[in-house]
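In the numbering used here, the protein residues as written are 10 to 458.
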Ligand SMILES: Cc1cc2nc3c(=O)[nH]c(=O)nc-3n(C[C@H](O)[C@H](O)[C@H](O)COP(=O)(O)OP(=O)(O)OC[C@H]3O[C@@H](n4cnc5c(N)ncnc54)[C@H](O)[C@@H]3O)c2cc1C
């Protein structure tokens, strides 16, 4: 029997593509995992901002069919808050909005960085940033944001995850951007889709129909030799094939893996997200769907407006402000949640996103224990060791299993068969997967077994 651990998007997609000829075990009372949408007092809150910007037509069509074509499609135009100024995104090609003398300092250091050793390979993300932007911009903007969002110094991060996500600008674009905004956005994320109703979770509709999901089944032990999974309620299930979407770190900890493999898995790092959801009794003061906050002393890292994704997410005349604050083993939480909420409210007022505290109608919070896999320098070696061990338990190593991202067109053509143990999803594979990757992994699994 094929069993799937976890009914998030990766688990649902694997089940759907196996024609639901499998059983899913999920600890919560609902499916969807990270893409569940919470309906609270007239507002729909996703677990952090979720939009679909997939390039895969297959996923576009599947998501569209899930909501019977009832989705919204629009241009994304995030913005940046930097020490009292609003800088359009991406900041590196919109320096006109950065106040002097910083603008000139950034340009000078950028131009001199481009005249040095053009073929030098960066050893880490800090070096990548300095080569791309010059040290002044690198430290004021992306380094500051990295420490808040990725929770570690860019010098402790690798570069292979960057891809198109951070714009490597052309000299002419940076120079022109010191005078005025470019006519066409240079952002990688331009057009996105979102369900008209029900939040991002509505995109699971097609995948979950017909799935055999056993809810409130928290996995507590995995015997990789006996091929048996135990649950918190004392029950057990045997498998001939296991598809795991639980965080790899937890999977290994609960398994019969030896101590050195458990120690290797402990080296894998992930951020922990605190979401602070504020309903204000006024409309959003800016039209951007979200913004990035570069000020190091502020908890607020990324901020979005729930109703900007779909009017059905909110209530007319009000705004739902969602603030993301990140922690991890690298950036530990040192203040209590009430203190953090209090400071975040002050920050929202300072940035002009909340008129004043009298306009706060409601505050709710949510903790997302696994948010972003951190592409720190120890990741690859630890992951390799864990995968080598799992290869003795039925897992087939894949060419790109250590890479943060996957090219699905290439992978679907590859034709390599998978074994009796398969990892799937952002946390199961410890990758930089978006929702489309989780869907494509399910399709790939069905073709590779
Ligand atoms: C803040 C944030 C913003 C994001 N924004 C976007 C975006 O804009 N666009 C996009 O495409 N992607 C986005 N993503 C990525 C996207 O959310 C993930 O790629 C995707 O949801 C991961 O799905 P998954 O199935 O791999 O994992 P999960 O959703 O984590 O599913 C795993 C499931 O396993 C269950 N589980 C865990 N432990 C146990 C246990 N012991 N026993 C039984 N069940 C268990 C969980 O409850 C969960 O249902 C974002 C992610 C974050 C964190």
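Ideal placement from N, C-alpha and C gives every residue a C-beta, glycine not left out. Predicted model, so just to flag it, every value in this text is computed and none were measured.
DSSP-derived helix/strand/coil call for residue i
{"i": "residue 97", "result": "strand"}
{"i": "residue 179", "result": "coil"}
{"i": "residue 27", "result": "coil"}
{"i": "residue 453", "result": "helix"}
{"i": "residue 110", "result": "coil"}
{"i": "residue 165", "result": "helix"}
{"i": "residue 11", "result": "strand"}
{"i": "residue 70", "result": "helix"}
{"i": "residue 131", "result": "coil"}
{"i": "residue 152", "result": "helix"}
{"i": "residue 17", "result": "strand"}
{"i": "residue 171", "result": "coil"}
{"i": "residue 348", "result": "helix"}
Beta-carbon contacts of residue i that lie in its chain and below 6 Å, excluding the five residues immediately before and after
{"i": "residue 34", "result": "14, 223 and 226"}
{"i": "residue 463", "result": "The first residue shown for the chain is 10 and the last is 458, placing residue 463 beyond what the model contains."}
{"i": "residue 441", "result": "170, 413 and 414"}
{"i": "residue 147", "result": "138 and 139"}
{"i": "residue 253", "result": "14, 260, 432 and 437"}
{"i": "residue 182", "result": "102"}
{"i": "residue 435", "result": "442"}
{"i": "residue 324", "result": "51"}
{"i": "residue 256", "result": "379 and 436"}
{"i": "residue 336", "result": "281 and 342"}
Residue i: CB within 7 Å of a non-hydrogen atom of ligand 1
{"i": "residue 299", "result": "no"}
{"i": "residue 44", "result": "yes"}
{"i": "residue 272", "result": "no"}
{"i": "residue 380", "result": "yes"}
{"i": "residue 439", "result": "no"}
{"i": "residue 61", "result": "yes"}
{"i": "residue 14", "result": "yes"}
{"i": "residue 331", "result": "no"}
{"i": "residue 228", "result": "yes"}
{"i": "residue 19", "result": "yes"}
{"i": "residue 417", "result": "no"}
{"i": "residue 447", "result": "yes"}
{"i": "residue 208", "result": "no"}
{"i": "residue 435", "result": "yes"}
{"i": "residue 110", "result": "no"}
{"i": "residue 245", "result": "no"}
{"i": "residue 169", "result": "no"}
{"i": "residue 255", "result": "yes"}
Residues of its chain near residue i, where Cβ-Cβ distance is below 7 Å and the 5 sequence neighbours each way are ignored
{"i": "residue 412", "result": "169"}
{"i": "residue 188", "result": "105"}
{"i": "residue 270", "result": "261, 394, 395 and 398"}
{"i": "residue 71", "result": "215 and 448"}
Counted within 10 angstroms of its Cβ, other Cβ atoms place residue i as buried (16 or more) or exposed
{"i": "residue 49", "result": "exposed"}
{"i": "residue 124", "result": "exposed"}
{"i": "residue 91", "result": "buried"}
{"i": "residue 383", "result": "buried"}
{"i": "residue 471", "result": "Look at the range of the chain in this structure, 10 to 458, and you will see that residue 471 is not part of it."}
{"i": "residue 327", "result": "buried"}
{"i": "residue 46", "result": "buried"}
{"i": "residue 179", "result": "exposed"}
{"i": "residue 154", "result": "buried"}
{"i": "residue 274", "result": "buried"}
{"i": "residue 268", "result": "exposed"}
{"i": "residue 166", "result": "buried"}
{"i": "residue 10", "result": "exposed"}
Chain-order list of residues whose beta-carbon lies under 8 Å from that of residue i (same chain, five-residue window excluded)
{"i": "residue 77", "result": "none"}
{"i": "residue 220", "result": "16, 21, 24, 25, 29, 33 and 40"}
{"i": "residue 107", "result": "91, 94, 96, 100 and 115"}
{"i": "residue 304", "result": "90, 91, 92 and 153"}
{"i": "residue 376", "result": "281, 282, 283 and 284"}
Closer than 7 Å: residue i CB and nearest ligand 3 heavy atom
{"i": "residue 70", "result": "Questions concerning ligand 3 fall outside what the structure shown contains, since the ligands it does hold are ligand 1."}
Let me know the beta strand (DSSP E) ranges lying completely inside the region 207–290, each 3 residues or longer, listed in chain order.
228–232, 237–240, 245–247, 250–253 and 281–289
Fully enclosed by the region 359–441, which alpha helix (DSSP H) runs are 4 residues long or longer?
388–399 and 417–423
Which runs of the beta strand (DSSP E) at least 3 residues long sit entirely within the region 295–330? Give them in chain order.
299–302 and 311–314
Which residue spans inside the region 31–89 form an unbroken beta strand (DSSP E) run of at least 3?
32–34, 46–49, 52–55 and 80–84
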